Structures are given as C-alpha cells and as structure tokens.
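One structure is given below, encoded as structure tokens.
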Amino acid sequence: MGVAKMSAWRTDQRMRLAAEAEVLKTELPHFTWYDEASATNATIRGEHTTTAGNTYRLCLHVTSNFPNSLPGLYVTSPCPLVGYGGKTIQSYGTSHTMHVWKPDWDNYAKLCHWKEEFWSPSNTLLSVLMKGMLWLEAFEVHCKTGKSIDEYSLNFR
C-alpha cells in the first residue's frame with residue numbers, strides 16, 4: 006500500500022495513514038490505496054456490491070490536511086449515477102435530503118458522509134468508506150421507491 010512513499014506528508018500524518026492502510030487492508034481488502042504524483046494526496050479505490058447485486062466503484066480522496074479535514078467520497082462508477090425516475094444524483098447539487106454535495110471532480114457523485122462541523126481527526130477512513138457503502142444500500146431503495154436518502158435512518162454526523 007503506498008503509504009511509505011508519501012514523503013511530503015508530515016511524520017504524524019505518515020504514521021496515521023500507515024495505521025489507516027493496515028486497517029483497510031484487513032477490513033476492506035478489495036479497496037486499494039493509490040498515491041498521487043504530488044505525494045500530498047492519496048486515493049483509496051474499490052468496488053462495493055450491494056445486497057441488490059449492483060456493483061459501484063467508490064473513491065476516497067485524502068488531502069494533505071488529513072486528518073484535520075474530511076476526505077472526499079465519490080461514486081466513480083456508474084457515472085452519471087441515475088436514481089429514481091431517471092434523475093441523476095449529480096443533478097441534486099448539494100442536497101441534505103440526498104446526502105450529497107455538488108460534484109467537484111469529473112461530475113462524480115460526491116457523497117456527504119459527515120457534516121464538516123462534526124468531522125473529528127479521530128474519525129477513520131474505514132468509517133467513511135462504511136458510510137459510503139450504507140449510502141449505496143439506501144440509494145438502491147431510493148431507485149425503487151423515490152424516497153430520499155435521509156429517510157433511511159442514516160446518521161451522517
């Protein structure tokens with residue numbers, strides 16, 4: 006997992022990222038850690054197959070301010086992400102009821118996994134990815150019923 010190559014990261018960040026990488030290697034071995042060329046950002050990518058049998062690709066973008074700022078969580082496939090009635094998730098922009106932010110990277114659906122004011126450096130990358138997987142399960146139900154994501158008791162605090 007490329008954490009050791011991240012020389013531009015501070016020592017405390019490298020230690021934290023190495024610990025995060027070990028947890029992900031154990032808990033979500035189908036997710037892979039990628040270093041960016043700048044070595045000040047990293048991405049974690051993997052697929053999640055929902056209980057409905059559909060497969061989605063998630064990408065977690067970790068910036069140089071981690072763990073002090075929340076990482077971006079994106080659904081990168083399919084894109085666009087089409088929900089109930091043919092409406093794309095991207096078309097909601099920033100929406101509390103759908104738990105999404107306005108797309109800011111290649112029009113990928115950006116999931117809201119924490120409100121910025123509730124983010125804590127103690128939150129883990131594993132917990133962010135798990136929230137992404139829960140969001141995808143709720144999205145599957147949304148596709149069938151048209152109900153918004155916030156109706157599925159997802160506590161994204």
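Residue 6 is where the sequence shown starts when you use our numbering, and the numbers rise one by one after that. Beta carbons: idealized from backbone N, C-alpha and C, even for Gly. Values in this document were obtained by computation on a predicted structure and should not be read as measured data.
Between which two residues does the beta strand (DSSP E) carrying His-66 extend?
Residue numbering aside, residue 66 sits at position 61 when the sequence shown is read from its first letter. Unbroken beta strand (DSSP E) run through His-66: 60-67.
His-147: first and last residue of the uninterrupted alpha helix (DSSP H) it sits in:
Position 142 of the sequence shown, counted from the first residue, corresponds to residue 147. Here the alpha helix (DSSP H) through His-147 covers 130-150.
Enclosing alpha helix (DSSP H) for Thr-16 [first to last residue]:
Translated into positions along the sequence shown, residue 16 becomes position 11. Its alpha helix (DSSP H) spans residues 16-32.
Buried or exposed: which applies to His-66, given that a residue is buried once 16 or more other Cβ atoms fall within 10 Å of its Cβ?
To locate residue 66, count along the sequence shown from 1; it is residue 61. Buried, by the Cβ-count rule.
Hey, how far is the Cα of Leu-78 from the Cα of Lys-115?
Within the sequence shown, residue 78 is the residue found at index 73, counting from 1. Within the sequence shown, residue 115 is the residue found at index 110, counting from 1. Roughly 6 Å between the two C-alpha positions.
Going straight from the alpha carbon of Pro-76 to that of Ser-82, what length do you get?
Position 71 of the sequence shown, counted from the start, is the residue given in the question as residue 76. Position 77 of the sequence shown, counted from the start, is the residue given in the question as residue 82. Taking the CA atoms as reference points, Pro-76 sits about 18 Å from Ser-82.
Going by DSSP, what residue range makes up the beta strand (DSSP E) through Thr-81?
Stepping through the sequence shown from its first residue, residue 81 is reached at position 76. 77-82 is the extent of the beta strand (DSSP E) around Thr-81.
Going by other Cβ atoms of all chains shown within 10 Å of its Cβ, with 16 needed for buried, is Met-103 buried or exposed?
Locating residue 103 in the sequence shown gives position 98, counting from the first residue. Looking at its Cβ environment, which holds 16 or more other Cβ atoms inside 10 Å, Met-103 is buried.
Can you give the Cα-Cα distance for Val-105 and His-53, rounded to whole angstroms?
For the purposes of this step, residue 105 is identified with residue 100 of the sequence shown, where counting begins at 1. For the purposes of this step, residue 53 is identified with residue 48 of the sequence shown, where counting begins at 1. Cα to Cα, Val-105 sits roughly 18 Å from His-53.
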